[in-house]
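Enquirer: Chains as they are written, first to last, in the numbering used here: chain U, 1 to 141; chain D, 142 to 282.
Before I ask anything, let me first share the structure, which is written out below as structure tokens.
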DNA sequence: CCTTGAACCTATAGTCACTATAGGAAATAG
DNA sequence: CTATTTCCTATAGTGACTATAGGTTCAAGG
């Protein structure tokens, strides 16, 4: 008749404190409790938590996941919004990959050109100290 | 005879609260003050803050930047440590790019296969709900 | 000299998505 | 019945800022 939070954690590979956190912020419904106030879950909880975990692996933020979950609960609804969220995520990922590619190029150049002697001639430090470059954006994504 | 925090902000493209934050955590030295306790900076502060900003653009964490700054202050020291930090960063970036590439592939497949009708047939939701996949890692990098 | 308004000051709390800790209670195995 | 494991809540910490509140100082114009 239902299983513990530890068991749910094992079944979904989501850590126990994270499950409690998800409940606290309302992304996972509060389950029923034993007489001693311990949580007892069912298969529905496994499914919902697995959904969240997979979406988190794809780096959807919890806000987006909230929307996706509520869509899932309404199968007759249009899925345009889900599509939109996924597409927005793809755009972010594309941007991030491009930014990281540029970053990698700069790091490689820094490292290659460093003769690895004294700091005075270190290309890594020199590059960072160089103020002649453009002010890029410090985007988070 | 020195300039204000607002001027330093304009010259380095680092926001005023961020500059104060950097001072608080000790990554930027406390500057001298006017009689009215307002901060007054010089060119050295510009250089140091520009260094930090550039390193942040390359996503070095503040801890690594701290080390790099102390290296910069000792030009006769070996730059092996700087090299090491930069190489570690490169490894992280490589990993992140690989992970994001995989993520992009999955997002694209999800989006392409979605007929964009009702949620019941939505490939996006379906993919997220699918529990048959491997438990990947939720690495931060 | 006086006023206005922008820029400055500190201290504190909030962000995101958790993670860690403390101090205790319940469940389960032997 | 005891020992061990797992569970509970509440709170604080993470990184790197960002935002807010409530007050002070500075520079310029009149």
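All residues carry an ideal CB built from backbone N, CA and C; glycine is no exception.
For residue 130 of chain U, is the beta carbon positioned less than 7 Å from some heavy atom of the ligand SAM?
Expert: With respect to the ligand SAM, the structure shown offers nothing to examine, as it has no ligands at all.
Enquirer: State whether the region 108-121 of chain U contacts the region 207-223 of chain D, with contact taken as three or more CB pairs (one from each stretch) at a distance under 8 Å.
Expert: At 8 Å Cβ cutoff, the stretches touch.
Enquirer: Within 8 Å of any Cβ in chain D, is that where the Cβ of residue 34 of chain U sits?
Expert: For the purposes of this step, residue 34 of chain U is taken as residue 34 along the first chain, with counting starting at 1. Not an interface residue.
Enquirer: Grab the span of the alpha helix (DSSP H) containing residue 6 of chain U for me, first residue to last.
Expert: Working through the first chain from its first residue, we reach residue 6 of chain U at position 6. Residues 5-12.
Enquirer: Quick one: Cα of residue 95 of chain U to Cα of residue 1 of chain U, how far?
Expert: For the purposes of this step, residue 95 of chain U is identified with residue 95 of the first chain, where counting begins at 1. For the purposes of this step, residue 1 of chain U is identified with residue 1 of the first chain, where counting begins at 1. C-alpha separation (whole angstroms): 47 Å.
Enquirer: Output yes or no for whether 8 Å exceeds the beta carbon distance between residue 90 of chain U and residue 249 of chain D.
Expert: Here residue 90 of chain U refers to the residue found at position 90 of the first chain. Here residue 249 of chain D refers to the residue found at position 108 of the second chain. Yes, they are a contact pair.
Enquirer: Can residue 51 of chain U and residue 196 of chain D be called in contact, C-beta distance under 8 Å?
Expert: Stepping through the first chain from its first residue, residue 51 of chain U is reached at position 51. Stepping through the second chain from its first residue, residue 196 of chain D is reached at position 55. Not a contact, by the Cβ cut-off of 8 Å.
Enquirer: Counting Cβ pairs closer than 8 Å, one from the region 56-68 of chain U and one from the region 202-209 of chain D, do we hit at least three?
Expert: At 8 Å Cβ cutoff, the stretches do not touch.
Enquirer: Per DSSP, what kind of secondary structure is residue 281 of chain D in: helix, strand or coil?
Expert: As a working mapping, residue 281 of chain D is identified with position 140 in the second chain. The predicted position of residue 281 of chain D is uncertain, since its pLDDT is 46 and thus under 50; no value can be drawn from it.
Enquirer: Could you give the distance in angstroms between the alpha-carbon of residue 296 of chain D and the alpha-carbon of residue 239 of chain D?
Expert: Given a span of 142 to 282 for chain D in the structure shown, any question on residue 296 of chain D remains unanswerable.
Enquirer: Three-state secondary structure (DSSP) at residue 78 of chain U?
Expert: One-based indexing of the first chain puts residue 78 of chain U at position 78. Of the three classes helix, strand and coil, the one that applies to residue 78 of chain U here is strand, per DSSP.
Enquirer: Among U:105, U:84, U:78, U:82, which one has its Cα closest to the Cα of residue 227 of chain D?
Expert: Numbered from 1 along the second chain, position 86 holds the residue referred to as residue 227 of chain D. When only C-alpha atoms are compared, the closest one is U:105.
Enquirer: Counting only beta-carbon atoms, is residue 282 of chain D nearer than 8 Å to chain U?
Expert: Translated into positions along the second chain, residue 282 of chain D becomes position 141. Summary for residue 282 of chain D: the model assigns pLDDT 44, below 50, so the residue's position carries little reliability, and this model does not support an answer.
Enquirer: Buried or exposed: where does residue 189 of chain D fall if 16 or more other Cβ atoms within 10 Å of its Cβ makes it buried?
Expert: As a first step, residue 189 of chain D must be located in the second chain, where it is residue number 48. Buried, since its Cβ has 16 or more Cβ neighbours within 10 Å.
Enquirer: Taking DSSP as the reference, what is the three-state secondary structure of residue 48 of chain U?
Expert: Within the first chain, residue 48 of chain U is the residue found at index 48, counting from 1. Residue 48 of chain U: helix per DSSP, three-state reduction.
Enquirer: Give me the Cα-Cα distance between residue 22 of chain U and residue 31 of chain U, rounded to the nearest whole angstrom.
Expert: To locate residue 22 of chain U, count along the first chain from 1; it is residue 22. To locate residue 31 of chain U, count along the first chain from 1; it is residue 31. Each residue's Cα considered, the two are about 12 Å apart.
Enquirer: Kindly indicate which three-state DSSP category residue 230 of chain D falls into: helix, strand or coil?
Expert: In the second chain, residue 230 of chain D corresponds to position 89, counting from 1. In this structure, residue 230 of chain D counts as helix in the three-state DSSP scheme.
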